[in-house]
Structure formats: C-alpha cells, structure tokens
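As structure tokens, the structure follows; a few thoughts come after it.
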Amino acid sequence: MSSWLGGLGSGLGQSLGQVGGSLSSFTGQISNFTKDILLESAEEVGDAASELHVSNSRLQELETSYATQKSEHERLRRINAELEEKLEAAEIQIKQQSVEYRTLLQQKEVEISHLKARQSSLQEEVQKLQHSSQAATSSSFTDAAVLPVTTAATTTTSSSFLHRSSAVHQGFHGDEVDLSDVLWSQQEINRLSNEVHRLEADVAHWRRVAQASKLPGVDGNGDQGEVLKMQRTIKELREEMAREVDEHQHELAALQDAQRQKMAEISKRHREELAEYEERIEELEEQLQCEGGNVVQKSTTVQDSKLQELQSTIQSLQEEAELQRKEYRDLLARLEEAEHHKAKIEREKEEANAENAELLQNYSRLQKSVNELQDRVQEQEGKSMLKAQHDNEIQALKKALAGAEKEMARLRSLSESGPTEEVEHADILELNTIIETLRKEKEEMEKEKLALVERLTLAKERHKAEESKGAVELSQEISDLKSQLDRREEALKQAHLDIETLSNELEELDKQNQEATQHLIAVKDQMSLQKTQAEAEEARLQSDLSSSLDQRRTLQLELEAQGEKLSQSAFSLNELHMAKQQLETTVKELREKLCKSQDLGRELRQESSDLKRAFQERETELIALREEISHSGEKGNELEGHRKVLEAKDKEIQDLRTELAEMKTSFERAVSEDFELKIENRKLKEESTQALDKIDSLERQIQDNQASLSRMSLEKDTRIEALKLEKSQLESELSQTEKQLSDQTKQYQQTIDELTRARSMDASALQTEHERMVKLNQEKDLTIAELRREIEQMVSDHKDTSEMLDITVAGQNQLTELLQEKDAFAETLKAQAVEMQQELESSVLRVTQECDSLRRSVEEKDKQLGAMKEENSHLKEEIDRLRDQQSRPQLSSEPRTLDIITELETEVNQLKAARDQLEEEVQALRTVSEEQQATALQSQHSLQMLQSELEQARTRHEQSSLNYERLISAKDEEIALLQSEVEGLSTQGQSQIQSVDILQEDKTQSLNGENGNEKHDLSKVEIEKLVKGIREKETEINQLNEKNLSLTKQLDQLVVSQNELGKLSQMVLQKDLEIQALHARVSGGHGQDVMFLQQQLQAYAVEREQVLAVLNEKTRENSQLRSDYHRIMDIVAAKEAALLKLQQENQRLSTMSDPSGSQEMFRETIQNLSRIIREKDIEIDALTQKCQTLVSVLQASGASDSVSGGSGGVSSNQFEELLQERDTLKQQVKKMEEWKQQVITTVRNMQHESAQLQEELLRLQGQVSADSDCSSKLSVDYARLIQSYEQKEKKLGLLNQELALVQQSISQLSSTKDVLLGKLGSVKQSPEVSAAIATQAFDPPNLKGAALPGQDESLHQELQAMQRTLAEKESMIRTLQENNHRLSNSASLSESEQRSHAEELKQARDKQESLQRSLREKDLLIKTKGDQLSQVSENLRNRENDNEVLKQAVTNLKERALILELDVKKLKEENEAIAGKVREKETEFRALQETNMQVSLLLREREFQFSAVNEKAIAMEKMLKDKEQGKSGELNQLLNEVRSMQDKAVLFQQERDQVMMALKQKQMETSALQSELQHTRDKEQRLKQEVERLRNHLIEIEDSYTREALAAEDREGELRRRVTLLEERLASSSNAVESASQQASLQVESLQEQLNGAVRQRDEALIQLRASQDQVNQYAVSLSNLQMVLEQFQQEEKAMYSAELEKHKREKEQWRNKAENLEDQAAALQINLDEANAALESASRLTDQLDLKEEQIEDLKKQVDVRQEMLEEAQRKLMNLLNTTEGKVDKVLMKNLYLGYFHTPQNKRSEVLRLMGNVLGLDRDEVGELLQEEGKTGVTGWVSSWLGGRAVQSVPNTPQRPTQAQNLNSSFSEMFVKFLEVESTPARPAPKLPVYDIKPLSAPPPGRSTASTPASGVSGPGKRTGDSNPFLAPRSAAVPLLNTTSAGSTAGAGGHLLMKPISDALPTFTPVPVSAEASGGAVLKDLLKQ
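Residues are numbered in the numbering used here as their position in the sequence shown, beginning at 1, plus a constant of 17.
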C-alpha cells in the first residue's frame, strides 16, 4: 500500500507540476504579448498603408497567440481530468485505509481491555501477598515488627499508583473513531506496556531472590527509617507526576481545540473571500458585456479600477496569510514547548517507576526471607523441645548471637564505608530477622521447660495418691516404674546423644552460615558490578530513546512545515488561476477595443480622404472671393480638429500598448515565480513523502514491538498467575498440615520415641522439597536466559531503527541547506534585477529629455513653415488682385490679354499644386521624424536590454566557471573517457543487452544474499558512474554556454547591422534632399521638369517608407531573438540549479553508503536503477543529437501514439494484477495469528525503505530526463536562431542590392541635373546660400552634442541623426521659399508634356509596387514556414516527452514487481522464523507441563504423608489404649510393622512416580519428533514450489527482456529511417530555398533591366521633348508672321489699343517693381529670420552661460554666506571683547598719561588732567571743579590719595567712582577719540560718529603732541613684543582685521575682502583686535594721523 501511495503521490506531484508549467507558459505568452505591444507602441506610423500593414501583422500575431492559448486550454482540461481520476483513486485508498485503521483500533481496544484485566488481577495478587505477609509476620512476631509496616506502605503506594494510572484515561470507548483516538489508544498501549515491563522486572527480581534464598544460612535485616523516607518520596513523586500529567493533558487538549477552531475559522474566511471575489469577477464581466464598446476610455478606467481592486484584495489576502502563518508558528512553538515538557515528565515518570521497581524488589526479597525463616522455624520447632532442658545450648546460642551481632556491626561498617546498595540492606534485614527468631526460639524453649517441671510435680502428686490407695499394688507399680525408669534413663541417654549430635549439627550450621555470608559478600560485589553495568545500559537506552523521540518530533515539525508550504502553494495556484482568468478577460476586451479602434481609424481615414478632396475642391475655387478663402480656412481648422482627434486616438492606442506591455512583464515575473514554486513544490513533495514513509515505518515498528511485548507479558503473566495459584494452594495445605502436626505433638508429648521418628520422617520430606526447589531454580534460570536473549534482540532492533533515523535526519539537513542556498540565489537575482531596472529608468529619462528638446526644435520649425505659408497666401492674394485689375479692362481688349490671363491662371494653379506638394512633403517629413524617434527609442531599449542580458550572462558564466573549474581540473581523464563514450553511441543495443544481463546477475545476487563487501564496492562504483554522468551534463552545459556566447556575439553584430541600416537611411534622406534641391533648381526654368522631379520625389519617399518598414521588421526580429536569448539563459540557469542539486544528492548518497548489512539490498537496487538510468541517458543523448536536424516530422506521430497507448495498456494491466496479488497476500497475512505481526512490521519497514530509495532513484531519473529535455530544447533553439540569422543576412543582402539600385537612379538623376544646370547657371547662387545657412543652423546642435560627454556612442549617433534631419528640414524650408519666389516668375511648358512624364512615372511606380508586393509575399511565406517549423518541432518535443514518461512508467512498474517479489520472499522467510519461534514456545509449554506434573506429584506426596500421619495418630491411640490395658509388647510390634509398611509405601510411590515421569517424557519426545517430521516435510514442499516459481519467473523475465531488446532495436531502425527521411526532406527543402533565392535574384536582375529600359525611355522622351520645343518655336515664328499680317489689317485697332497697352505696361512695371520690392522685403525678412535664428542660438548660448554664471553666483553667494558667518562670529568675539574690556583702562595708556602729567610743565598740567578726565569719562564741569580743588590743595593731595595704599600694584583696572560707573557702556578708546574731537573743536559738543566718518584733523597743540609722543615712544619699546594688548585696540580703518602676520602691516596688506580695511560705506564701529607686535604708541599715532 505504502509504495502504491508513494507512486500516486509522485504522479499527483507530476500532474500538478504540469499544471504549473502550463500556467507558466500561458503567463509567459501573455507577458511576451504585452512586451511586443509596448515595443510596438513606439512604432506609430503616420501613413495609412503602413498603419494597415502594422495592424495586419499584429492581427496575425494575435491569432497565433490565440491558437496557442486554445491549445494550452485543452491541455489544462486534460490535466484536470487526470487529476480528478487520481483524486477518486486516492479517495478509494483513503477509505480502505480508514477501514484498516478502524480494525486496528478495535484490536487495540481489545488489547487494552486484556491489559486492564491483567492489571486488576495483579493488584489482587499484590493485596493477597500483603495480607499473607501481614498474617505471617503477626503470627511469628510478637514484638513491634519492622517488616509489615514497610511492606504495607509499599503495597499501598503501588496499588494507589496503579489505580491512579488506570484512572487517568477514562472515557476511551465513548470517543469517536478518529486520528486523535488512535493516538490516545497508542499512548494507552505504551503506558500499559511500560507497566508490563515493570512487572516483568519484578518477576525477574523475585526469581533472583529465590535463587539466592536457596543457598542455606543467608539471613539479614534492614534499616527502617530509610525505607520510610523512600516510600514518602515515592508517594510525593507519584502525586506530582499525576498532577503534571493531568495538567499537560488539559493544556494539550486546549491547544488542539484552539488550533482546530482557528484553522476552521481561517478556512471559512478563505472560502467566503473566494466566493466574494468570484461574485465580483462575474459582476465585472457582466458590466463589461453590457457596456460593450461604447467608449474606450471608460473601459480602460474600469479596468484600472478593477486592477486596483484586485491588487488591494491580493494585498489584503497576503497580509491575512502572513498573519495566519504567524499564528501557526506561535501554535507550533507552544506545541513544541508542551512536547518538551511532556518529555521531561515522562523521564521523571520513568525514574519514579525505576525507583518503585527497586523498592518492590526489596519488598519481594524481604517476603522471601520471611517465608524461608518461617520454614526454618517450623523445622526447628521439633528440635527445640529437646533443647529446653539444656543451658549449654542456650550459651551456644548466646555465642551465636554475639557472633551475629559482630557480623551485623561489620556489615554496617561496610555499608557506611562503601556505597549503600540495596543488596546490603536486604542482607542486614535478613540477619535482624534471624536474630529475632533465635531470641523467640529461646523464649519458647524456656516456656516448654516450665511446662515439663509442672508435669513432673503433677506426676509426683499422682504417685502419692496411688500409694495412699493401696500398698498391694505398690510393689507391682514400683517394679513397673523401675522398669519404666530404666527405659526413661535409656531414653535420656539417647536424648543426650541426640543433643550432642544436635550441637555438632549446630556447629556445622554456623560454619555453613559463615561460608554463606562470605558467598553473600561475593555475590553482593558481583551484583553491584552488574547493577552499574545495567544502569549504564539503561542510561544509554534512555539517551537512544530521547534521541529517537527528538528525531520524531523534528520529523513531525518538518511535516507540518511541508504541509504549510503545500497549502501556501495551493493558495498561490488558486490565485494564479484567478489571475489567469482575469487576464483572459482583459485580453478579450483589449482585442475588442483594438478591433473597434481599427474600425474607427478606418472611418477617420475615410473622413480625412473626403476632407482632403473637399479641401482640393475649395482650393480650385480660390479664383472666387475671399469669403470662399475664409471658408476654406474654416475647413482647414476642421481638418486640424480631426487630426487632433486622430492623435488622441493614437495616444489611447499607445496607452493600451503600454498597459499590455506592463501586463506582459508582470506575467513573465509570475511565470518565473511559478517555475520556482513548482521546483520547490516538487522538492517539498518528495521530502514529505519520504518523511511520511519514515514516520509510518517507525509507527509500525513501535506498534509491532508493543504488540510483541504485550503478548510476551500476557504469556509470562499467565505463567506467573498459574504458579502463584499453585503456590498459594500448597501454602494453604502446608499451613493446615503444620497446624495438625503441632496439635498432635502437643497431645502426644509423652511419647518421645514416636516424636523422634516423626522428626526423621520430616527431615526426609524436607530433603525431597529441597530437591524439588533446586529443579525449580534450574527451570527459572532457563527462562531468565531466554528473556535476556529477547532483550538483546530488542536492543539490536532499536539500534537499527536509530541508525535509520540518523540517516534520514542527515538527508533532511542536506535538503534544508539546499533550500537555503536556493533562497540566497533568488535574493541575489532579485537584487540584480532591481539594479538593472534602476539603470534602465535613468537611461530612459535621459533619452526622453533629449527627445523633448528635439520636439521643441521641430515645433519651432513648424511655426516658421506656417509663417512662410501665410506670406505665400499674401502673395497669392496680391496676384488675384492683379488679375482682377487686369480682367476689368479685358472685356473690351484684345485676345492677347486673354492669353496673359490664362498664363496667370496657370501660374496660380502651379503655385497651388506646389503648395499642396509642400504640405504633403511637410507631413511626410513629420511622419519620418516620428518614425525615426520611435526607432531611436526602440534601438535604445534594445541596446539597454542587450547590455543587461550580456552582464547577466557574464555574471552567470563567471559563477558557473568558478563552480566547474574545480571539478574539471581534477577530472580531465574522466572527461576524455566520457567523450569516447559519446562518440561510441552506436553501441546502444549491446549496452541494453548487457544491462539486462547485469540486472539478472543482480537478482541472483540478491537471492543468494552473499558477498556484502563486494556489494559495497559495487555501490561505490555505481556512485562514481553517476558522478561521471553528472560531469557529462556539465560538459554539455559548458558547450551551451559557449553557444550562448556566440549568440551574444551575433546579437552584437545585429546591433552593428542596425547601426549600418540607420546610416543607410541617413544616406537615403541626404539623397532625397539632393533630389529636392535639383527639383528646386529645375523648377525655376521649366515647370514640367519640376512636376517630373516632384513625382520622382514622391516615389522615392514611398521607397523610403518601405525601407523603414523593413527596418521595423528587423527590429521586431531582433526583439524575438532577444526573447529567445532570455529563454535560453533561463534554461541554462535551471540546468545549473538541477546540476547543483544532483551533486548534493550524490554527496548525500555517498555519505549514506555505510557497510551495514541492512542496506546491501538497497545498494543492489541502486546499482540496477543507475544502470537503467545510464542506458536511458545514452538513448536520450542520441535522440537529442538526431532531433537537432529534425525540422518537419508529423507523419510518425500516429504510430508513436499507438505504440505508447499499447505500452500504457500493458503497464496498467500488469499494475492491476500486481495490486490483486498484493491484496491476496494481505488477506493471507491477516489470517495469521497475532504473534506473526512483529515479522510483518519488519517486512513493511524494509518495504518502506526500498520505496524511499526507489522514489529517490525516480527523482534522479526525472532530473536526468529534464536535463536531456533542456539540452534538446537548447539545441533546437540554437538551430532556429542560426536559420533566422541566415535569413536576416539574406534580407540584408537584398536591401543592399536595392540601395545600390537607388544609388544608380540617383546618379542618373544627377546626370540629368547637370544637363539642366547648363541652362540655369544664374540660379546657382541661391542654393549655395541655403547650404551655407543649413551649415550655420547645423553647427550649434553639433556643439550641443559635443557637450554631452557622459552618454553612450549610440545615443550620440541617434542625436546627430535627429539634428541632421532638423538641418535638412531647414534647408527644405529655404528651398521651398526660393521655389515660391521662382514660381512667381516661371510659367512656360504645356500640360501634355507633364502628362506624359506623369504617365511614365506612374508606370515606374507600378513596377516598383509590384516588386515590393512580391518581396512582401516572400517575407510572409518565410514567416509562415518558420512558424510551421516551430510548431512541428514543438509537437515533436511533446511526443518525445510523452514517450519518455511512458518508458519511465514501464520501468517503475517493473521495479515495483521486483520489489513485491522480494517482499513475498521476505514474508516467507519470516513465516519460517515464526514457525521456529512457535516450536520454541511448544518446547517451553512442554517444560511447563513437566513442572506441573512434578508439582502434582509433590501434592500426592503431601497427601500420602498426611494419610501416614493420620495412621500414626490412629496407631498411637490404639497404643495408648493397649498401654492402659497393659499391652506394651504388642504396641511395639505394631509400631515396627507400621514403620516397615510406611517405608515400603514410600518406596512404591517413588517408583510409580518415576515410571509415570519417564512415560510422559517418552510421549512428549515422540510428539515433538512427529511435529518436526511434519514441519520438515512442509518445508520441503514449500521450497520445491518456490524453486519452481522462481524458475518460471526467471524464464518470464528473460523473455520480457529479449522482447524489450528486440523492440528497442526495431525502434532504433525506425528512428534511423525517419532521420534519413528527414535529412532527405531537409536537403530537398534547402534545394528549394536555393532555387527560390536564385529565382528571386533572377527576378531582381530582370527588374533592374526593366528599370534601365525605363530610364532609356525617359531619355528618349526628353529628346522628343526638345524636338517638340523646337517645333513649338517654329510654330511661334509662324504665329508671329500671321500676327504681322493681322497687324497690317488692324493697325487702326492697334493704335487704339497701344495707349491702353502702354498704360497696362506701366501698371505691370509698377506691379513688377512692387513684386521686386516684396521679394527684397522677403529676402530682408529671411535675412532677419536668419539673424533672429543666430540671435536665438546666441541667446541659447547666453542662457547656458547665464546658467553657468548663476551657478557661479550661487557658489559665490554660498561663499559669501560662509564668510558672513565668519564675520558675524568675529563680530561676536569682538563684542565679547568689548563687553569684557568696557569699563577697563589700558595700563600702558594710563602709564603714558601719568608720566606725561609729570613731564609737562605745571602751566600745562591742567590740560593733561582734563585729558585724563575725558579718558576716564568725566564731564567738563567735574574736571573744572577738580582743577579748582587742585589749585587750592595742590597736586600732592590727589596724587598721594591716588597712590596711597596702591604703590605696590600696577595700574588699577577700573576707577572706583560713582560717576564713572554710570558711563560703563562706552569704551576707553571711544572716550579718547571724543576727547580728541573736543580738543580739536572746542566750540561744538562731541558728535557720536563712527571712526570712518572722522576726517583727518589739523595739527594738535604742540604741548600735547610733544607730551604724548615721547611718552609713547618711551613706553613702546619698554613693553614686551610677544604679549598683545587688547586694551590698545583703537577702532580705526588703518588696523586690519585678524592681521597677525607682521608688525607693520598696513591697511591694504590682505588680498581678500574680509582682510581688506573696512570702507566708509560700512557704518559700523566694531572692536578690532590688534596684532601682537603693534604697540600702544603706534596706535595713538595712527589715530592722530587720521
């Protein structure tokens, strides 16, 4: 079932992958469609014919895309049907599995009920044992016993624990049958199996204790406190365990309920949202259908709104999905925590169970020791009666007690010194019990002694009474008594002898006790060692168990994660499906809109043509009034309005195309993401299937192990129950007999002889019992050894499972690493894509800016054209006015005036025609400019795309080269071998036959099952071969990379060819301009030549449009090549990823290949499958090499379909047969008994492992086939690209030929131009001027172009081309202006000649059009053939893929059949093993029957002893009666007879028992031999049947392989035949293509000849024209003669008309003068226009310079701001200095003033004091008062007061006067300046002016100057030069700012503005710091100078 399910899962995965692939291909097509429309949005064509051509091509493309979508839709339908069938099959399987699971559940419930029943019985037995032990201890002990308390406590705790554990899980049967119930039942079974294990351990412990207790003399006792403590701790631990288990179960249930509720809510929400979205989509579709095609803009807006709504809904869905993921992760984290907690609790529970088991073992040992002591007490009761009279025995007992106490002390010291172990406790307890029993025996003997004394006294009293009765009888009685006394004395002697023997026996017992204690110590040591080993093993097993549990948890987590990923992928698939439907609807709507827009365009074209006709009619009516002219102007306005409407429609179409392109790009991204998701889904599916298989195998193993353990425990429990029942019966019987014996011994104490005999009988019975117990011990040893073997088997199985789990975990780790690497690679790719998008956007912005500038220039030129047209209309109006004036006098004039009027009308018509032609040419030029802009944009986009693709290809190539160089450098020799293998592909059939032989050999090897090491080597060789195959794929990928590089080079060459085509188109444009110039020159002289040349111009314009159409087709082909290149690069990337994955899987396989015996079968299967894979790879490579040459094969498809269908039918029938066989095998297996399930589970595990390996190999095969498919696709794409490249080269050659023809025609036209220029020599100057103007106009754009250094050369070339077109347009405008001027003067030729020329031109045009049509038809044929080829190649690929899939299915079915056969063999072997185990069980059952027989014999012996005792009692009664009667002799005889009879009966009974035992043994042996004989016969029959079946199977396999080999050879022959046919067809098609090319070249040559003939005809027509001109001249002469004759007749009339003629001539001359003046004015205007253009260019230059200047000004402003900030900071600092220095006096200045005061004479000292007062800020009045006081008091007063206490200090900082405190705001320097101003102008008050406004003063008074200068001069040098004086800082312009360089720095020292002195314009008075070297005197001097 599991393998079939795995196959179904893989099939479902493949079908889902196909669905994803179809979706990806569909999305890719839509994205390509949108891209093409985006690219074609730039290819808008102005002409109607070109638009029709483009629209037809687009319609064809749309039809092809529609056909592909239809085919994909059908394929998706098929896939959907297949998936539905698979779903039904899966549902059927799920139903079957549910039925199986229900049956399993019922079985598990039955097992649980059995286990519960067993548990209850065990608990009852435990309670019985407790009661019995309590009863025994209460009967045997009178003191406060030690044991009963402990045992009761332990039993109660155990029973309570058992009840709790059973009560934990109630309500099982009431639950529904669900997965949770299955899990719960599994947990219940696990718990019950753990309890069974614990009980088995107890049984083993009791057996060990029983063996130990058989040894004599083992006694002991234990401590009570430790046991009580252990019991309490166990109780507490159990209660805690129960509590925690309950809590965790509640938590788990709550978590599960919450998770279920959340999942249900989320699914409901998702379904509701999906339903809402579907309803919305239906509503939107209905709205679209209702609205239809009313307005295109409305539909686009609705689509935009729909798209926005859908995007918003998608975003909301994504957010909800993220929230759900977060919640799910939180739940998973909680579950993991709960599981960890549960694991901890389980470990604690196991520890508590272990402790409980140990305590139970101790309890069982104590119980055994109690029972043994009871037996010993019963044995020694008979002996103790005799020991009551002897004190020696009591002393010996005391000595024994002392020795026992010593031993106890020694044991206690050992227990305290050594490790406190459980065995020592048991020994101590046994010793304590022995001592207590000895004390009790002593007490009982004393009691018996007292009873004997009392009896003696009673006998004495009776004796006295008898003496008093009669003296007669005394003599007789005395004699009797003497005889009795003699006897008693003899008996006493015998008793003394017995006592001596007993003492000897006691000594021997003591010796034995010592030996037993020594043996006990040795056994204790051994047990301690065994216990340590067992503990180590338990720890190891627990660690293994914990690791396996952890691994299972990790597997479950990974399964859950994979389930999440699967659900996410399903959601994403649904979303993609919805998006696909939406896109289909949008595509349909866009198609409808396109059709409508095309209809509208046709209608508009028709309207435009009608309007053009109307416009021409209105222009013919220009002879009429100006109202009609205005009317025609209004029509022109209407035409312009229509043109605007057309432009708006074009814009809408462009917007639609851009939207389609965006949809394409988004769809491509979706395709790439879907492809990645597909790959990830496949990986996840494979991993999930593997993990599921592994988990299923583990669960089955666990279930089987549990079932086997439960069976074993059931059997053991049944045995134990039977033994316990028998034991309890025997114990009850023994207790009854012992009671009876004790009663009899109490009644008959007087008869000592009989008691001794009874003692001897009891000793013999004890010996028999001892022998029986020894036998029992031997049997128990055997059972223990068997149990140990089973435990070892279980341990080995556990090791195997743990190894398998380790291998699976390693594989999953490697897979997670792979996924991480893939994620990192995807992130790097995304980052690269983002960078490329940014670069593209920047380049597009640049190009758009340049295109905008060019459009502006074109608009300016259009404006100039409009101005010129207006001037032309003015001229025409003036001509009409002249005609009106001339027509008025013509009514009465001669016919000569009529001729003049006709001439003028013809001139007007010519001017009209010229104007129409000019307008048409302007429109053509506009269309050409737009086309060129579109081509420029396309070329830019293509260049950018190619650059990005090249960069991506380089990066990928570098990465791949780095990855592969390591492998290639190490494995060059292997590559050479692989190349030789590739060359020898012709030997495929031999390799297949060899593979068949190899497979047969492998089968024989697997059947034999030998040579494990050789198989391991084979697996290594196989892995090496797989590595070689991978390297072959790497070499193929390298070749493909080289092909990709060559393709990129070819693409670069195509780009170069595109540049060449652009140059050729520029050449064509230049030639057109030359033709137009020639036309202008010729039109000056001859109007008919002008018309002729204009017609030729139109023809060449049509040719140019055709060339441009060809160029557009080339660009489209280039875009197709680019898309192919993209696809190839994607395939290469996918192949690289697949290679990496294969390498990692090979590494994993190499790590997995360990030499364990379980994996040898899998290695063999891997070898077989790898050989098959190699053969398939060789076939695939051969097919790919052949299919490169295949082009059009569709005939063999039917045959291949039939073949594939037949093979599929056969495979399905085989598969059904195999399923039926498997079902029958399942039924047979179910019929087996329960004990066979363990073997079945092992078989299933092996099956699962083989299925996993098979799936891995299938996955490898799929990857290899995918690689081969990719390589074949790449080769086909490469061939197609080469073909398209060759076709393009041919087309380029044809274009070159056409260009050569055009150049020849141009050269012929230039020759005609030279001929015509001979006549028009005077007109040569004007074109030169126009050429000069054109060059002038052309120069500045060149300059501008040169000013763009950072752009690419391609952009430069395109800009230059646009600028050339602009210059050419300007030259055209000038030439047209000149033509207008000349046309006003020229009018001569007749209309007949013009008609002839027009007819010739029409013929030439018709020929050219026919040639172009033929060329277009050929191109269309080539395109259709190419599409057919691509379709055929795609069909071929699909057929090949189907064939490969069918082959893989056939191989898979064969492998499954082999696996099923192997499984059947394994099942048979396991059946045999089970049969062997059944035989072993039968032998065990026989042994149990024998033990039963022995027990029954023992029972009979006991019954016989009981009857013997009864007979003894009867005989004793008789003896007593005879004794009373006096018959003692008879009594003795009777006793002797009874003894002899008893001995004989015992002998007879023993003989009978022996005979019975021998008989039963013989019967058992005979039955065993018969069963063995029957088994051997069955085995022989089975072996014969299997041998025959294997022979038949081998013969069938050989036949099938031979058939397959023959079929393969037939297929090879057919394929070779097809290849030859295809080669022949290819050759024929190539010949046909060559012949067609030759015919085309011949047609081209014929067309060239026709063209030459047309040129000759034109030359002849020119000659005829000249002859006709001569004739015209002759006719003119004849006409003049006739006119002379007429003049003679009409001289009078002439005289009349002469005056009028003179008047008209004068008027004409005046008009001519006016026309000349107008022409001069026009020339002047032209000059002005040129000057204005030059001025505009200079203005543009000036604006550029102004921009530069403005930038400089902004930089300077920034610098000024920086300097301003610096200035402000300097001002702030100076203000701070001012604030700090205000109110402070300069020391040096005060010193100078002080010294000056004393140096001045006394007459002038008052002035010095005034100066000082001014300096200190005193008013004049205060200074005057001070001077008056000075005059009164003298100088010494204030000087002394001033210097009074401060002679030591230097100069005071601030004077301490209140008047000065008010003037603290003004600085000292300001005051000094004020003082100087006051002194210079004493009349005025001191004005508060800044320093810069102070004018230089006149010379100061001599006293002051002489007083101050010397002082300063003295004080200056005295000061140190290094210190700066902040107080000597005067505010003068002479001191520079921040000048710290030199001492003598003057005003203009600094060069910077800030370093210059402050000018007068700045009205500031800021504090300025002075340099360090400047002294105070210099500063004062500067101030005085200013």
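The C-beta atom is built at its ideal place from N, Cα and C for all residues, glycine as well. All values derive from a computational prediction rather than experimental measurement.
- Counting other Cβ atoms within 10 Å of its Cβ, H1265 reaches 16 or more and is therefore classed as buried.
- With contact defined as three or more Cβ pairs closer than 8 angstroms, the region 1155-1165 and the region 829-839 are in contact.
- Around the C-beta of N1669, fewer than 16 other C-beta atoms lie within 10 Å, and the residue is accordingly described as exposed.
- Listed in chain order, the non-local C-beta contacts of I1148 below 7 angstroms within the same chain comprise C1287, K1290, L1291, local neighbours out to five positions each way being set aside.
- In the structure shown, K252 adopts helical secondary structure according to DSSP, grouped into three states.
- The Cβ atoms of L1428 and L1759 lie no closer than 8 angstroms to each other.
- Of all C-beta pairs linking the region 1137-1151 to the region 1052-1066, three or more are shorter than 8 angstroms, placing the two stretches in contact.
- Taking C-alpha positions only, M1536 is separated from V1555 by approximately 12 angstroms.
- Looking at the DSSP output, L1432 bridges to nothing.
- When secondary structure is reduced to three states using DSSP, G1670 falls in the helix class.
- V1832 is a Cβ neighbour of F1892, given a cutoff of 8 angstroms.
- Taking a C-beta distance under 8 angstroms as the contact criterion, R1297 and S1447 qualify as a contact pair.
- Counting along the chain, N1809 sits inside the alpha helix (DSSP H) bounded by residues 1804-1816.
- When the alpha-carbon of E1273 is set against those of M962, N1397, K700, S727, the nearest one is in K700.
- Nearest Cα to R351 within the set L216, R1599, L269: L269.
- A straight line joining the alpha-carbon of Q1686 with that of A1693 spans about 10 angstroms.
- At the C-beta level, S210 and Q723 come within 8 angstroms of one another.
- For Q950, the CB contacts under 7 angstroms within the same chain, skipping 5 residues up- and downstream, are C868 in chain order.
- Between the region 381-393 and the region 449-457, the count of C-beta pairs closer than 8 angstroms reaches three or more; the two stretches touch.
- Residue state for Q1707 is assigned as coil, using DSSP reduced to three classes.
- Each residue's CA atom was taken as its position, placing R1635 and M853 some 47 angstroms apart.
- At a Cβ-Cβ threshold of 8 angstroms, V1124 and V1085 count as neighbours.
- DSSP places L1835 outside any alpha helix (DSSP H), giving it a letter other than H or E.
- At least 8 angstroms separates the beta-carbon of K744 from that of Q1511.
- Excluding five sequence positions before and after L572, the CB atoms of its chain that fall closer than 7 angstroms to its own CB belong to A708, K711, I712, given in chain order.
- Burial state of M885 is buried, judged by a 10 Å Cβ sphere holding 16 or more other Cβ atoms.
- Residue environment analysis places Y83 among the exposed positions, since fewer than 16 neighbouring C-beta atoms fall within 10 angstroms of its C-beta.
- Rounded to the nearest angstrom, the gap between the Cα atoms of S860 and T952 is 16 angstroms.
- Here the C-alpha atom of D219 lies approximately 24 angstroms from the C-alpha atom of I719.
- Counting other Cβ atoms within 10 Å of its Cβ, K1498 stays below 16 and is therefore classed as exposed.
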